[in-house]
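Below: one structure, written as structure tokens.
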Amino acid sequence: MEEIRVVDLPEKDWPLRADVSLLGSLVGRMLVEQGGKGLLQRVEQVRRAAIVDRESDDRSGAGLQQVLGQLQADEVDQVIHAFSSYMRTVNLAEKVHRIRRRRNYQRARSAAQRGSLDEVIGGLKTAGVTLAQLQQTLGRLSIQPVFTAHPTEATRRTLQEKEYEIVLRLVDRLNPELTPEEEAISEQRMLSAISSAWQTRLVSHSRPTVADELDNILFYITDILYRVVPVFYESLKEAMEKHYGPEAVHSYAPERLILRFGSWVGGDMDGNPNVHAGTILDTLRMQRKAIIRRYIPELNQLSRSLSQSLS
2 MEEIRVVDLP
12 EKDWPLRADV
22 SLLGSLVGRM
32 LVEQGGKGLL
42 QRVEQVRRAA
52 IVDRESDDRS
62 GAGLQQVLGQ
72 LQADEVDQVI
82 HAFSSYMRTV
92 NLAEKVHRIR
102 RRRNYQRARS
112 AAQRGSLDEV
122 IGGLKTAGVT
132 LAQLQQTLGR
142 LSIQPVFTAH
152 PTEATRRTLQ
162 EKEYEIVLRL
172 VDRLNPELTP
182 EEEAISEQRM
192 LSAISSAWQT
202 RLVSHSRPTV
212 ADELDNILFY
222 ITDILYRVVP
232 VFYESLKEAM
242 EKHYGPEAVH
252 SYAPERLILR
262 FGSWVGGDMD
272 GNPNVHAGTI
282 LDTLRMQRKA
292 IIRRYIPELN
302 QLSRSLSQSL
312 S
């Protein structure tokens, strides 16, 4: 989508702007492919009118209302869908920018990134907290995020997977060694994911069930948390060793789980007659199976890696 105003961003956020611009252009290509040039023109008219109204002295919104008033009923649906697709897509750039900024800090090996475990543990050491005090506190610390059960707010897993594909391709593009052909393939895969998401209903045809809620959180459990939680403990270990020495790691047992996760899914009986003791047991069973299915191939890989013999 064409830029019609200049936003002054600090240099560290220029790559974020580039990603937003790339994703915006891909959404624009998708709109032309799926709805024709007329759809993109209508979306641009609405976008321009909204920006002009917001930044002008006259905040009445009359210009935007005039543009919207010229749309036909079917055009309104398409424009709403287009802006929804655009916002859902470009918001992914911010997630990747966090990864980029973290990598920049790690490569620079300078000051710890704000809010990181490195900064927190280093701050405690500077404040005079002893290793014994830190270990005692960690032994009592418990962080338990809870998945809620609100199916009307849940994003379908099919859409989550498409967005995850876009994030992975953006992360791939952080590699400066990519060839032009590889970058073109990456863009094409993102365009395919954006187009497929456009053709996918935001909500299911049928009323969401407890199984749908479970499928939603299983995406986060198996695809996100399964990968992130070990990194959390590794980062904690590295931060403790950096600021308190090797003895800090040897004396801290990772079995003392700081992170635990809860869920209302399958057990939230508040006004839902379909939730009962059976759904609780089924949900727990499915969650266990999902995690075990992730462990099995890694255990097989580990058995091949540990190829040493007693002889």
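With the working numbering applied, the sequence shown covers 2 to 312.
Backbone N, C-alpha and C fix where the C-beta goes; we use that ideal spot for every residue, glycine too.
Checklist entry - When you compare only the Cα positions, how much space is there between Q200 and R289? => result 33 Å
Item to check | Minimum C-alpha distance to K96 - residue among L175, A240, G129 and A291 | outcome: L175
Item to check | Which of helix, strand or coil DSSP assigns to F262 | outcome: coil
Checklist entry - By the 10 Å Cβ neighbour count, where 16 or more other Cβ atoms means buried, how is Q309 classified, buried or exposed? => result exposed
Item to check | Rounded straight-line distance, which links the Cα of D283 to that of M88 | outcome: 36 Å
Checklist entry - With DSSP run on the structure shown, which of helix, strand or coil describes V130? => result coil
Checklist entry - Given that a residue counts as buried once 16 or more other Cβ atoms are within 10 Å of its Cβ, and exposed if not, what is I81? => result By the 10 Å Cβ count, I81 comes out exposed.
Next on the checklist: Measuring straight from C-alpha to C-alpha, what distance separates L132 and E248?
Outcome noted: Roughly 9 Å between the two C-alpha positions.
Item to check | Which listed residue (D216, S85 and L303) has its alpha carbon closest to that of L285 | outcome: D216
Item to check | CB-CB length for A113 against D269, believed under 8 Å | outcome: With 8 Å as the limit, A113 and D269 do not qualify as a contact, their Cβ atoms being about 39 Å apart.
Checklist entry - According to the neighbour-count rule (16 or more other Cβ atoms, all chains shown, within 10 Å of its Cβ), is A74 buried or exposed? => result exposed
Item to check | DSSP-derived helix/strand/coil call for V172 | outcome: It is helical.
Next on the checklist: Using 8 Å for Cβ pairs, my map puts T90 next to I195. What's the rounded Cβ distance?
Outcome noted: 6 Å
Next on the checklist: Considering Cα atoms alone, identify which of L219, V28 and T210 is closest to I293.
Outcome noted: L219
Next on the checklist: Helix, strand or coil for V147? Go by DSSP, reduced to three states.
Outcome noted: strand
Checklist entry - Three-state secondary structure (DSSP) at A113? => result coil
Checklist entry - Hey, H98 and L17 are a contact pair by Cβ (cut 8 Å); roughly how many whole angstroms apart? => result 4 Å
Checklist entry - Do I144 and I259 have their C-beta atoms within less than 8 Å of each other? => result For I144 and I259, yes; Cβs fall inside 8 Å.
Next on the checklist: Assuming A240 and L135 are in contact, meaning their beta carbons sit under 8 Å apart, how far apart are those beta carbons, in whole angstroms?
Outcome noted: Between the beta-carbon of A240 and that of L135 there is about 10 Å, and that puts the pair past the 8 Å contact cut.
Item to check | Rounded separation between R1 and R102 - CA only | outcome: What the structure shows of the chain is the stretch from 2 to 312, and residue 1 is not part of that stretch, so it cannot be assessed.
Checklist entry - In whole angstroms, what is the alpha-carbon distance linking S264 and V147? => result 5 Å
Item to check | Whole-angstrom C-beta distance between L93 and V172, which should lie under 8 Å | outcome: Actually they do not touch by this definition, with Cβ atoms about 10 Å apart.
Checklist entry - Can you give the beta carbon distance from G36 to Q79, rounded, assuming they're within the 8 Å contact cut? => result Between Q79 and G36 the Cβ distance is about 6 Å, and since that is below 8 Å, they are a contact.
Next on the checklist: Which of the three DSSP states is assigned to R305 in this structure?
Outcome noted: Secondary structure at R305: helix, using DSSP grouped into helix, strand and coil.
Checklist entry - Between R190 and E166, which are expected to be in contact by the criterion C-beta below 8 Å, what is the C-beta distance as a whole number of angstroms? => result 7 Å
Next on the checklist: Only counting the same chain, and skipping five residues up and downstream in sequence, which positions put a Cβ closer than 8 Å to that of K38?
Outcome noted: none
Checklist entry - For G315 versus D54, is the C-beta distance shorter than 8 Å? => result Nothing about residue 315 can be reported from this structure: the residues present for the chain run from 2 to 312 only.
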